[in-house]
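Protein chains: 2
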Amino acid sequence: MKELQNRIMIEGVAVNSEILKVDSFVNHQVDPALMLHVGQEFAEHFKNRGITKIATIESSGIAPALMTAQCMQLPLIILKKQPSKVLNDSLYQTQVTSFTKEMSYELSVSSKYISENDHVLIIDDFLANGEAATGAIRLLRKAHATVAGIGVLIEKTFQPGREKLAAQGIEVCALARIRHMEAGHITFAD
Amino acid sequence: MKELQNRIMIEGVAVNSEILKVDSFVNHQVDPALMLHVGQEFAEHFKNRGITKIATIESSGIAPALMTAQCMQLPLIILKKQPSKVLNDSLYQTQVTSFTKEMSYELSVSSKYISENDHVLIIDDFLANGEAATGAIRLLRKAHATVAGIGVLIEKTFQPGREKLAAQGIEVCALARIRHMEAGHITFAD
């Protein structure tokens with residue numbers, strides 16, 4: 025997606041070979057017009073697939089996921105991060121460990137909003153090591169739903185996220201793919 | 025706002041006299057069409073006030089705030105919750121204590137995205153005791169911005185949030201105002 029790539033080129037900050045900051049238009053300050061275009065792009069890519077719900081992990085995926093949900097006229101489910109395991113019959117949980125952030129959390133979803141009849145599209149901001157994405161898939165499968173695919177704004181192709189998801193049969197749609205970074209410089213894959 | 029009141033009547037769950045769950049359309053599952061209508065309502069109410077930015081506290085205010093930002097064609101700033109104080113020249117922070125949730129966090133915003141030239145509309149899901157709202161105002165004022173007002177989806181008029189904000193000269197626009205709750209029963213103020 026040219027518009028997103030241009031924004032990353034102009035406003036993205038490659039802190040080092042691993043960390044990309046897109047705080048000025050995705051994570052801290054959010055550009056709603058860009059998010060709408062992102063939503064339109066995902067809606068077009070994933071149309072006619074029988075998707076019933078959009079899911080995202082709180083909180084930086086909420087903006088693009090909401091716009092995708094609006095464009096596809098589907099409900100959005102926000103998978104919640106909780107510090108500890110909760111014993112509750114109506115709640116599915118799975119532990120996610122982020123190696124980059126050196127922390128773990130319980131990802132949870134209520135059985136009221138996801139069922140075996142759901143075919144879910146996951147939307148998130150980044151795909152890097154795939155820890156959050158594989159956690160979301162594990163959780164949705166615990167809830168007996170199927171996963172239709174994953175849409176991310178930014179993929180770091182030099183990290184193993186896509187391979188992990190492909191190994192599980194999950195299709196990834198990335199709107200901007202970054203092949204290489206070093207401080208101050210970003211190289212796209214396409 | 026009739027549409028929101030109806031949804032609360034049909035889907036909202038008054039757990040007791042203080043806790044209202046709107047998980048099926050606001051907090052956990054989100055209805056994007058309703059959020060767009062909410063955004064249109066706030067955009068209409070706060071038009072022609074010279075507002076430059078929309079702000080919200082992560083994460084349950086993001087959906088209505090994003091739609092308001094889209095309708096007003098303004099950037100959205102997500103005020104971040106952090107567990108501890110960060111020493112950083114470019115970051116403003118203030119501590120917020122939630123008595124209902126019995127926890128504290130540091131609310132933070134980068135000086136890059138809020139300045140003395142900003143006139144900020146705060147959007148959130150609930151107004152009850154006003155702890156989060158007064159924290160957001162304190163933070164925005166630390167960043168030398170002015171606060172144009174607060175828009176909330178649901179106000180509990182039997183809690184002191186509005187009075188606290190009025191005492192600071194802040195206008196509150198609430199789309200649904202709840203006067204009284206008991207388990208299984210909700211009474212609106214209007």
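First to last, the protein sequences are chains A and B. Residue 25 is where the first sequence starts when you use the working numbering, and the numbers rise one by one after that. Residue 25 is where the second sequence starts when you use the working numbering, and the numbers rise one by one after that. Ideal Cβ placement from N, Cα and C applies to all residues, glycine included. No experiment lies behind these values; they were computed from the predicted model shown.
**Request:** Could you list which residues in chain B have their beta carbon closer than 8 Å to that of Lys104 of chain A, in chain order?
**Result:** His52
**Asked** Do the stretch 110–126 of chain A and the stretch 140–148 of chain A touch if we need at least three Cβ pairs shorter than 8 Å?
**Response** no
**Cα-Cα separation, Ser41 of chain A to Ala207 of chain A** = 6 Å
**Prompt:** Grouping DSSP H, G and I as helix and E and B as strand, with all else coil, what is Arg73 of chain A?
**Reply:** coil
**Message:** Using the Cβ count rule (16 or more neighbours within 10 Å means buried), how would you classify Arg31 of chain A?
**Reply:** buried
**Request:** Measure the Cβ-Cβ separation of Arg203 of chain A and Thr211 of chain A and say whether it is below 8 Å.
**Result:** yes
**Request:** Determine the burial state of Ala191 of chain B: buried for a count of at least 16 other Cβ atoms within 10 Å of its Cβ, exposed for fewer.
**Result:** exposed
**Continuous beta strand (DSSP E) assignments of at least 3 residues falling wholly in the stretch 98–124 of chain B** = 100–106 and 115–122
**Message:** Taking the beta carbon of Val39 of chain A as the centre, do at least 16 other beta carbons fall within 10 Å, making it buried, or is it exposed?
**Reply:** exposed
**Prompt:** Okay, do the stretch 55–69 of chain B and the stretch 148–164 of chain B touch, 3+ Cβ pairs below 8 Å being the bar?
**Reply:** no
**Request:** Mind listing the chain A neighbours of Tyr137 of chain B? Cutoff is C-beta to C-beta under 9 Å, in chain order.
**Result:** Asp47, Ser48, His52 and Gln53
**Request:** Note down, in chain order, all residues in the stretch 180–200 of chain B with a beta-carbon under 7 Å from any beta-carbon belonging to chain A.
**Result:** none
**Chain-order list of residues whose beta-carbon lies under 6 Å from that of Met14 of chain B (same chain, five-residue window excluded)** = Residue 14 of chain B is absent from the structure shown; chain B starts at 25 and stops at 214.
**Prompt:** So does the stretch 93–100 of chain B actually touch the stretch 71–82 of chain B, counting three or more Cβ pairs closer than 8 Å?
**Reply:** yes
**Item:** N-terminal and C-terminal residue of the alpha helix (DSSP H) that Leu91 of chain A is part of
**Value:** The displayed chain sequence assigns Met, not Leu, to residue 91 of chain A. Residues Ile86 to Met96.
**chain A within 8 Å of Ile86 of chain B, Cβ atoms only** = yes
**Request:** Compare the C-beta of Ala93 of chain A against all C-beta atoms of chain B and say whether one is closer than 8 Å.
**Result:** yes
**Item:** Within 8 Å, strictly: CB atoms of Ile81 of chain B and Lys105 of chain B
**Value:** yes
**Request:** Would you mind working out which of B:His168, B:Lys166, B:Tyr129 and B:Gly185 sits nearest Gly175 of chain B, comparing C-alpha positions?
**Result:** B:Gly185
**Message:** Between which residues of its own chain and Glu35 of chain B is the CB-CB distance below 8 Å, once the five residues before and five after are set aside?
**Reply:** Val46, Ser48 and Phe49
**Request:** Please look up how many angstroms separate the CB atoms of Ala172 of chain A and Ile101 of chain A, rounded, as I've assumed it's under 8 Å.
**Result:** So it is not a contact: roughly 13 Å between Cβ atoms.
**Prompt:** What are the boundary residues of the beta strand (DSSP E) that Gly173 of chain B is part of?
**Reply:** Thr170 to Lys180
**Asked** What residue from B:Leu103, B:Lys26 and B:Gln29 has the CA that sits closest to Lys77 of chain B's CA?
**Response** B:Leu103
**Prompt:** Do Pro65 of chain B and Leu164 of chain B have their CB atoms nearer than 8 Å?
**Reply:** A quick correction: the sequence has Glu, not Pro, at residue 65 of chain B. No. Outside cutoff.
**Message:** Can you list, in chain order, the residues of its chain with a C-beta nearer than 7 Å to that of Lys216 of chain B? Leave out the 5 residues immediately preceding and following it.
**Reply:** With chain B covering only 25 through 214, there is no way to say anything about residue 216 of chain B.
**Request:** Kindly say whether Ile101 of chain A, judged by its beta-carbon, lies nearer than 8 Å to any beta-carbon of chain B.
**Result:** yes
**Message:** Less than 7 Å between C-beta atoms, sequence neighbours within five positions excluded: which residues of the same chain meet that for Gln29 of chain B?
**Reply:** Ala200 and Phe212
**Message:** What would DSSP say about Met25 of chain A, mapped onto helix, strand or coil?
**Reply:** coil
**Asked** Within 8 Å (strictly less), CB to CB, does Ser134 of chain B reach chain A?
**Response** yes
**Request:** Taking C-beta pairs closer than 8 Å, name the residues in chain B that Glu82 of chain A reaches, listed in chain order.
**Result:** Glu82 and Ser83
**Request:** Please go through the same chain and pick out, in chain order, the residues whose beta-carbon is closer than 8 Å to the beta-carbon of His209 of chain B, but skip the five residues on each side of it.
**Result:** Ala38
**Supposed close pair Thr158 of chain A, Lys188 of chain A - CB separation, criterion 8 Å** = 6 Å
**Request:** Classify Ser83 of chain B as buried or exposed, calling it buried when 16 or more other Cβ atoms lie within 10 Å of its own Cβ.
**Result:** buried
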